[in-house]
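Peer 1: Quick note on full-length UniProt numbering: the sequence shown kicks off at 1 and runs consecutively. Here it is, the structure, as structure tokens.
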Amino acid sequence: MRMHTDEIDSTPELVRALITEQFRQWADLPIERVDSSGTDNAMFRLGDELAVRLPRRPFVAAALNKELRWPAVLAPQLPVQVPVPVGIGEPNDDFPFPWAVLRWIDGRNPVVGALAEPEALARDLAEFIQALRKIDPTGGPAQRRGVPLGSPGRDTPTREAISQLDDDIDTAAALALWDRAIALPEPPGVFWSHGDLSPGNVLVRNGRLAAVIDFGGVGIGDPTVDLVIAWNLLPGGARDVFREALDIDDETWERGRAWAMSIALIQLPYYRDTNPGLSANSRHVLSEVLA
């Protein structure tokens with residue numbers, strides 16, 4: 001099922017044709033669609049060691065340029081694996097956007113409520129965020145979510161989403177939380193942040209963080225948005241461990257909670273009928289932040 005009105009269809013047959021035309025050395029490898037709740041790219045496994053990523057929408061093609069450049073720059077300074085491209089595909093008559101071949105990273109997406117070692121995973125995630133923030137931001141791209149909560153591009157769609165969810169959540173509580181958060185002072189300075197830390201964008205092995213994927217939103221700005229993983233994945237006890245490991249003050253924690261709520265609010269009505277996994281996680285986040 002399509003998630004977007006401007007979505008481009010992709011199939012294993014299309015991937016086979018693209019690989020055969022542009023990367024003959026991999027033309028005989030098996031191709032398998034990867035089940036994912038990802039909204040921006042379709043993913044296919046190519047043999048045992050490679051993955052193919054095709055943008056679903058026109059605006060995602062521009063974000064792909066970040067994925068083709070910055071993970072290779074950041075990877076040596078991060079404590080876990082990140083996806084680094086090994087081939088850059090060109091648009092053609094069958095597919096209108098650039099696309100990428102990357103190294104396959106073994107692991108699985110963690111499942112909310114079924115984490116093997118939630119507190120250890122919380123510390124791993126905090127270590128990743130700390131390492132990312134320590135990297136020199138000079139010359140980095142802008143982080144589209146690294147903006148003040150009260151900026152029109154975030155405040156307006158958040159309030160519009162709340163108005164659509166009378167039957168789903170306590171909208172008065174959501175508005176009260178949002179109004180308090182946007183009145184908080186913004187933190188000084190800008191840093192690297194991933195921008196979309198969620199269960200679908202982290203991989204675990206044996207209960208521990210093995211990789212962070214999907215760097216289409218990476219950039220420089222207010223890094224508070226990376227705290228959303230505390231609500232979209234971690235249970236309460238591990239959430240406390242995560243906060244302590246990052247030494248987060250009350251104001252920053254409240255901004256992080258508001259970011260988690262805002263993202264979930266906007267996702268829920270948009271993906272309600274087209275992305276069950278993401279809709280379920282959005283409901284989970286809203287239950288956690290409004291509890």
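Glycine included, every Cβ here is placed at the ideal spot set by N, Cα and C. Since the model is a prediction, treat every value here as computed from it, not as a measurement.
#1: Report the rounded CA-to-CA distance for Ser-279 versus Gln-267, giving the unit in angstroms.
#2: Can you give me the Cβ contacts of Arg-208 inside the same chain, cut-off strictly under 7 Å, excluding the 5 residues immediately before and after it?
#3: Just the Cα atoms here: how many angstroms apart are Pro-269 and Gln-164?
#4: Taking C-alpha atoms, which residue in Thr-274, Thr-158, Val-82, Pro-185 lies nearest to Asp-249?
#5: Quick check: the Cα distance between Ala-260 and Asp-168, rounded to an integer number of angstroms?
#6: Looking at the unbroken beta strand (DSSP E) that takes in Ala-210, where does it start and where does it end?
#7: Name the residue from Ala-210, Trp-104, Asn-201, Ser-262 whose alpha carbon lies nearest to the alpha carbon of Leu-177.
#8: Along the chain, which unbroken stretches of the alpha helix (DSSP H) at least 4 residues long are found entirely within the stretch 144-198?
#9: Out of Ala-61, Val-218, Phe-97, which has the shortest C-alpha to C-alpha gap to Val-190?
#10: Starting from Ser-54, follow its DSSP beta bridges and name the residues at the other end.
#11: Could you check the C-alpha separation between Val-52 and Arg-180 for me, to the nearest Å?
#12: Does the distance from the CB of Glu-160 to the CB of Trp-231 come in under 8 Å?
#13: Taking only runs of the alpha helix (DSSP H) that begin and end inside the stretch 55-119, which ones reach a length of at least 4 residues, in chain order?
Peer 2: Let me spell this out:
#1: Separation of Ser-279 and Gln-267 (C-alpha to C-alpha, rounded to the nearest whole angstrom) is 7 Å.
#2: Excluding five sequence positions before and after Arg-208, the CB atoms of its chain that fall closer than 7 Å to its own CB belong to Glu-117, Ala-120, Leu-121, Asp-124, given in chain order.
#3: Cα to Cα, Pro-269 sits roughly 7 Å from Gln-164.
#4: Ranking Thr-274, Thr-158, Val-82, Pro-185 by Cα distance to Asp-249 puts Pro-185 first.
#5: C-alpha separation (whole angstroms): 17 Å.
#6: For Ala-210, the enclosing beta strand (DSSP E) begins and ends at 208-212.
#7: Minimum Cα distance to Leu-177 is reached at Ser-262.
#8: As far as the stretch 144-198 is concerned, its whole alpha helix (DSSP H) runs of at least 4 residues are 152-163, 171-182.
#9: Checking every option, the nearest Cα to that of Val-190 belongs to Val-218.
#10: Before going further, note that residue 54 is Leu rather than Ser in the sequence given. According to DSSP, Leu-54 bridges with Ala-42.
#11: Taking the straight line from one Cα to the other gives about 43 Å.
#12: Against a cut-off of 8 Å, the Cβ pair of Trp-231 and Glu-160 comes out as no contact.
#13: If we require 4 residues or more, the alpha helix (DSSP H) runs fully inside the stretch 55-119 come out as 58-74.
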